[in-house]
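Trainee:
There are 2 protein chains.
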Amino acid sequence: MTVTLADVAHRAQVSPATVSRVLNGNYPVATATRERVLRAVTELDYVVNGPASSLAAATSDLVGILVNDIADPFFGILAGAAQSRIGAPAGAGRAGGEKLAVVCNTGGSPERELTYLTLLQRQRAAAVILTGGAIEDAGHSAAVASKLAKLAAAGTRIVLCGRPALPEDGTVPPSEGGTVTATLTFDNRGGARRLTEHLLNLGHTRIGYVAGPAERTTTRHRLEGHRDALREAGLPYDPSLTLHGPYDRASGQDALPRLLSTAPDLTAVVAANDTIALGVCASARTRGLRIPDDLSVAGFDDLPSATDTVPALTTVRLPLHEAGARAGLLATTATPPTGPGGVEPVPAELVVRESTGVVRGG
Amino acid sequence: MTVTLADVAHRAQVSPATVSRVLNGNYPVATATRERVLRAVTELDYVVNGPASSLAAATSDLVGILVNDIADPFFGILAGAAQSRIGAPAGAGRAGGEKLAVVCNTGGSPERELTYLTLLQRQRAAAVILTGGAIEDAGHSAAVASKLAKLAAAGTRIVLCGRPALPEDGTVPPSEGGTVTATLTFDNRGGARRLTEHLLNLGHTRIGYVAGPAERTTTRHRLEGHRDALREAGLPYDPSLTLHGPYDRASGQDALPRLLSTAPDLTAVVAANDTIALGVCASARTRGLRIPDDLSVAGFDDLPSATDTVPALTTVRLPLHEAGARAGLLATTATPPTGPGGVEPVPAELVVRESTGVVRGG
DNA sequence: CTGTTAGCGCATTCAG
DNA sequence: CTGAATGCGCTAACAG
Numbered sequence: 341m342t343v344t345l346a347d348v349a350h351r352a353q354v355s356p357a358t359v360s361r362v363l364n365g366n367y368p369v370a371t372a373t374r375e376r377v378l379r380a381v382t383e384l385d386y387v388v389n390g391p392a393s394s395l396a397a398a399t400s401d402l403v404g405i406l407v408n409d410i411a412d413p414f415f416g417i418l419a420g421a422a423q424s425r426i427g428a429p430a431g432a433g434r435a436g437g438e439k440l441a442v443v444c445n446t447g448g449s450p451e452r453e454l455t456y457l458t459l460l461q462r463q464r465a466a467a468v469i470l471t472g473g474a475i476e477d478a479g480h481s482a483a484v485a486s487k488l489a490k491l492a493a494a495g496t497r498i499v500l501c502g503r504p505a506l507p508e509d510g511t512v513p514p515s516e517g518g519t520v521t522a523t524l525t526f527d528n529r530g531g532a533r534r535l536t537e538h539l540l541n542l543g544h545t546r547i548g549y550v551a552g553p554a555e556r557t558t559t560r561h562r563l564e565g566h567r568d569a570l571r572e573a574g575l576p577y578d579p580s581l582t583l584h585g586p587y588d589r590a591s592g593q594d595a596l597p598r599l600l601s602t603a604p605d606l607t608a609v610v611a612a613n614d615t616i617a618l619g620v621c622a623s624a625r626t627r628g629l630r631i632p633d634d635l636s637v638a639g640f641d642d643l644p645s646a647t648d649t650v651p652a653l654t655t656v657r658l659p660l661h662e663a664g665a666r667a668g669l670l671a672t673t674a675t676p677p678t679g680p681g682g683v684e685p686v687p688a689e690l691v692v693r694e695s696t697g698v699v700r701g702g
Numbered sequence: 341m342t343v344t345l346a347d348v349a350h351r352a353q354v355s356p357a358t359v360s361r362v363l364n365g366n367y368p369v370a371t372a373t374r375e376r377v378l379r380a381v382t383e384l385d386y387v388v389n390g391p392a393s394s395l396a397a398a399t400s401d402l403v404g405i406l407v408n409d410i411a412d413p414f415f416g417i418l419a420g421a422a423q424s425r426i427g428a429p430a431g432a433g434r435a436g437g438e439k440l441a442v443v444c445n446t447g448g449s450p451e452r453e454l455t456y457l458t459l460l461q462r463q464r465a466a467a468v469i470l471t472g473g474a475i476e477d478a479g480h481s482a483a484v485a486s487k488l489a490k491l492a493a494a495g496t497r498i499v500l501c502g503r504p505a506l507p508e509d510g511t512v513p514p515s516e517g518g519t520v521t522a523t524l525t526f527d528n529r530g531g532a533r534r535l536t537e538h539l540l541n542l543g544h545t546r547i548g549y550v551a552g553p554a555e556r557t558t559t560r561h562r563l564e565g566h567r568d569a570l571r572e573a574g575l576p577y578d579p580s581l582t583l584h585g586p587y588d589r590a591s592g593q594d595a596l597p598r599l600l601s602t603a604p605d606l607t608a609v610v611a612a613n614d615t616i617a618l619g620v621c622a623s624a625r626t627r628g629l630r631i632p633d634d635l636s637v638a639g640f641d642d643l644p645s646a647t648d649t650v651p652a653l654t655t656v657r658l659p660l661h662e663a664g665a666r667a668g669l670l671a672t673t674a675t676p677p678t679g680p681g682g683v684e685p686v687p688a689e690l691v692v693r694e695s696t697g698v699v700r701g702g
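As given, the protein sequences belong to chains A and B, one line each in that order. When you line the first sequence up against the numbering used here, it's residues 341 to 702, in that order. When you line the second sequence up against the numbering used here, it's residues 341 to 702, in that order.
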């Protein structure tokens, strides 16, 4: 029924070994022979049996990209860029030696993150890219670190993109194996600091902050940057001005009324990402607040939608496309990471648009 | 180095076959034995070798979800819903018999679509879900149909979600094998028709249309619905009022000025999707056009961002989450599709918000 | 309910 | 440069 390597070999009048060699191209084969084999492959419409090949070679061409929320363009851009660097280069009709880059949506669930890692481990994945903030739970972190160590020990390349490097504090016994290949860390803290500085320069002193989920590294780092700026300016940090919630629109929408009831004197709101900021803007509209005249609003990430608000959002740009592409590269080729400890910093750039202005009452 | 089934069997004092049985749970095993095996598995930290298992069983637990643009929430929502119905149910710590649901981003490229299908075929994928509009090129359609037939023949379940059913016109010789498992067709045409009718009821007669890429089924169906409404109202269809472009924001932004220069008397613009509509709105703002007083704007899909425009977008709601979940279900379980020919229609509902109003000059 | 026996299809040694 | 032989780790009949 299904055509195998042996069938191709038979038709091409060569041994299975030779067919394998031309297919993998890792070995010298006479041109004439190669062509004969290739012809047989086409004629028979032969497709390699991946599992068999992976079993024999003890490696697969699967590359997993884990994301927290596939419906969020932040991850979509990252994953898309990584995937385009890895898999299926356009034009490769026959699907030669390409890797199969796939994205796995954890939905932000620690369990699913681990499950996906196990599934990928089971498949003997060639590489795994973990994107976005990590969950800061001691138990879970240890579990992930241990899992990654095992994956690495089994030859899987590991790239962290947008999350901090794993601690090398012996959390994972060296006996457990390999180590993370490369880490791309976003300058969340610095970006957030510059953003809040921008607001302070505009005269704002009562600034609300709509943070992400409490247990995420991204959330913490961005918030820390915010507090850094406040501290440097000699301003106190008022915890009641910070609200936590998911990285979504509704979170921003819910937050604004609550912030304003707590602190009616608020003149600016910083959202932990653009999506939340959109929610804040929507809520501001509902309340008849003009942006930036009555309220300055800022986001983070500089997603395409940041220019859909009225007015366009002041935010912090993360080079998501570049970072994703780089992650894809590091995951597949032997390119060594450049930074110390394999950690490459990714810059965050303040982008001032129209949603922030000098404090009202001037 | 790496622990195998045999190691577990040895430690649990049973045969490899028994271990396999408890792991797959498809066979009766004495509780005591099962527990002993499970304990050995934990102690040894055993992880199934996927390729070996797939090879022996001639099936894998991989489910591929193909999307046209992973950075587009339309696909993110669809894929996320499908994936959550398939893979890694939260709480399954050990990663038991779950399937590995992965999304593959074709970026709208026909070549990559085919390459991914080949890669999935190579992996002997358990199922493949193709989402979103199909490319209307005779050659490519035939290639895809042929590929799908082979996949189906090899036991892979095929679900089409958001694209029309494959023609059963003998394009693919029956000898080539199986057939599509199920198809979820979105009522793009009907939704588009109702949307334009809504505009006509408001008195608009000069309506611009910003369509998607010309060669996509989704594009064509939505445009047809628009024209249907026009025709039924006895209005002529003016091709110069239709512009084609990608399904993105920039497309809408570029289109409005061009439409207005062609037809300064335009009172409404229909965009082929919400993302394009956001671009149209942005462009309108730039030109100082008030929505809906000066210009009515409508979108399609009802993405979360449809409420981010000012004012909120009139659009057509597609139950993306439900459709994605249904696709995931059909792809994995033996649930038979309900409709004739395995085609289940997905309704499209007009959602009137504030971006459309009665024609100006009243 | 459990053990034994065979392969699954391919990538590698190793010889030629 | 090419062929023959071996085994990757697991599942699926068969017995028992």
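Virtual Cβ for every residue (Gly too), placed ideally from N, Cα, C. Values in this document were obtained by computation on a predicted structure and should not be read as measured data.
Could you have a look at T582/B and say whether DSSP puts it in helix, strand or coil?
Mentor: In this structure, T582/B counts as strand in the three-state DSSP scheme.
Trainee: For a test of the three-state rule: what should DSSP assign to G355/B, helix, strand or coil?
Mentor: In the sequence on display, residue 355/B carries Ser and not Gly. Coil, per DSSP.
Trainee: Chain A beta carbons: is any one of them nearer than 8 angstroms to that of E438/B?
Mentor: Yes - at least one Cβ of chain A is within 8 angstroms of the one on E438/B.
Trainee: When you compare only the Cα positions, how much space is there between A482/A and A493/B?
Mentor: Near 44 angstroms, if we compare the C-alpha coordinates of A493/B and A482/A.
Trainee: Would you mind sorting A430/B into buried or exposed? The rule is 16 or more other CB atoms within 10 Å of its CB.
Mentor: In this prediction, A430/B scores a pLDDT of 40, lower than 50, which makes its location untrustworthy; no coordinate-derived value is stated.
Trainee: Which of the three DSSP states, helix, strand or coil, is assigned to E476/A?
Mentor: E476/A: coil per DSSP, three-state reduction.
Trainee: If you measure between the beta carbons of L470/A and R497/A, is that distance less than 8 angstroms?
Mentor: No, the Cβ-Cβ distance between L470/A and R497/A is not below 8 angstroms.
Trainee: Cβ of V348/B less than 8 angstroms from any chain A Cβ?
Mentor: By this cut-off, V348/B is not an interface position.
Trainee: Could you check whether G495/B and L444/B sit closer than 8 angstroms to each other, using their CB atoms as the reference points?
Mentor: According to the sequence displayed, residue 444/B carries Cys and not Leu. Not closer than 8 angstroms, so no.
Trainee: For S645/A, collect the residues of the same chain with a Cβ closer than 8 angstroms to its Cβ; drop the 5 residues on either side in sequence, then sort them by chain order.
Mentor: Result list for S645/A: P413, D614, T615 and L618, in chain order.
Trainee: Would you please state the rounded distance, in angstroms, between the beta carbons of L440/B and Q463/A? I believe it to be under 8 angstroms.
Mentor: The pair is a contact, with the Cβ atoms about 7 angstroms apart (cut-off 8 angstroms).
Trainee: Does G447/A have its Cβ less than 8 angstroms from a Cβ in chain B?
Mentor: Yes, G447/A lies at the interface with chain B (some Cβ there is under 8 angstroms from its Cβ).
Trainee: Beta-carbon within less than 6 angstroms of A435/A's beta-carbon, same chain only, minus the 5 sequence neighbours each way: which residues are those?
Mentor: With a pLDDT of 45 at A435/A, under the threshold of 50, the predicted position of this residue should be treated as unreliable, though the coordinate-derived value follows. Taken in chain order, the list of residues that qualify is empty.
Trainee: Hey, is T496/A's beta-carbon within less than 8 angstroms of any beta-carbon in chain B?
Mentor: No, its Cβ sits nowhere closer than 8 angstroms to a Cβ of chain B.
Trainee: If you draw a straight line from the alpha carbon of I417/A to that of R379/B, how long is it in whole angstroms?
Mentor: Approximately 42 angstroms between the Cα atoms of the pair.
Trainee: Would R562/B and A603/B be called neighbours here (beta carbons separated by less than 8 angstroms)?
Mentor: No, the pair does not count as a contact, with Cβ atoms beyond the cut-off.
Trainee: Quick check on V387/A - is its C-beta less than 8 angstroms from some C-beta in chain B?
Mentor: Yes, V387/A lies at the interface with chain B (some Cβ there is under 8 angstroms from its Cβ).
Trainee: Can you tell which of L653/A, R546/A and V691/A has the C-alpha that lies nearest to the C-alpha of R700/A?
Mentor: That would be R546/A, whose Cα lies nearest to the Cα of R700/A.
Trainee: Have a look at F640/A and L658/A and give me their C-alpha separation to the nearest angstrom.
Mentor: Approximately 8 angstroms between the Cα atoms of the pair.
Trainee: Please state the DSSP three-state secondary structure of F526/A.
Mentor: Here F526/A sits in strand by DSSP.
Trainee: Is the Cβ-Cβ distance between T675/B and E684/B less than 8 angstroms?
Mentor: Taking 8 angstroms as the Cβ cut-off, T675/B and E684/B do not qualify as a contacting pair.
Trainee: If the criterion is Cβ atoms closer than 8 angstroms, does the pair G574/A and T536/A meet it?
Mentor: Not closer than 8 angstroms, so no.
Trainee: Out of R666/B, E689/B and V387/B, state which residue places its alpha-carbon closest to the alpha-carbon of S424/B.
Mentor: Minimum Cα distance to S424/B is reached at R666/B.
Trainee: What three-state label does DSSP hand N364/A in the structure shown?
Mentor: Helix at N364/A.
Trainee: Of the residues A611/A, T673/A, L660/A and P680/A, which one's Cα is nearest the Cα of T696/A?
Mentor: Minimum Cα distance to T696/A is reached at A611/A.
Trainee: Would you mind giving the Cβ-Cβ distance between E694/A and A652/A, rounded to the nearest angstrom? I have them listed as a contact below 8 angstroms.
Mentor: Confirmed, about 5 angstroms.
Trainee: Give me the chain A residues within the contact set of C444/B, using Cβ-Cβ distance strictly less than 7 angstroms, ordered along the chain.
Mentor: Ordered by position in chain A, the residues that pass the 7 angstroms Cβ test against C444/B are V442.
Trainee: What residues from chain A crowd round V468/B, counting only those whose CB sits closer than 7 angstroms?
Mentor: By Cβ distance, chain A contributes nothing, its closest Cβ being about 12 angstroms from V468/B, past 7 angstroms.
Trainee: Would DSSP call T344/B helix, strand or coil?
Mentor: The answer is coil: DSSP assigns T344/B none of H, G, I, E or B.
Trainee: Cβ of V387/B within 8 angstroms of Cβ of Q461/A?
Mentor: Against a cut-off of 8 angstroms, the Cβ pair of Q461/A and V387/B comes out as a contact.
Trainee: Strictly by DSSP, which residues pair up with E684/B?
Mentor: Its beta-bridge partners are L524/B.
Trainee: Taking the CB atoms as reference points, tell me whether L583/B and V620/B lie closer together than 8 angstroms.
Mentor: Not closer than 8 angstroms, so no.
Trainee: May I have a chain-ordered list of the alpha helix (DSSP H) segments no shorter than 4 residues that lie completely inside the region 580-654 of chain A?
Mentor: Here the runs fully enclosed are 589-602 and 614-626.
Trainee: Around the C-beta of S601/B, are 16 or more other C-beta atoms found within 10 angstroms, so that it is buried, or is it exposed?
Mentor: The residue is exposed, with fewer than 16 neighbouring Cβ atoms inside 10 Å.
Trainee: Under the assumption that D648/B contacts A622/A (Cβ atoms under 8 angstroms), give the Cβ distance between them as a whole number of angstroms.
Mentor: That pair is a contact at about 6 angstroms.
Trainee: Which residue or residues does DSSP assign as beta-bridge partners of V442/A?
Mentor: DSSP output for V442/A lists G404/A as bridge partner(s).
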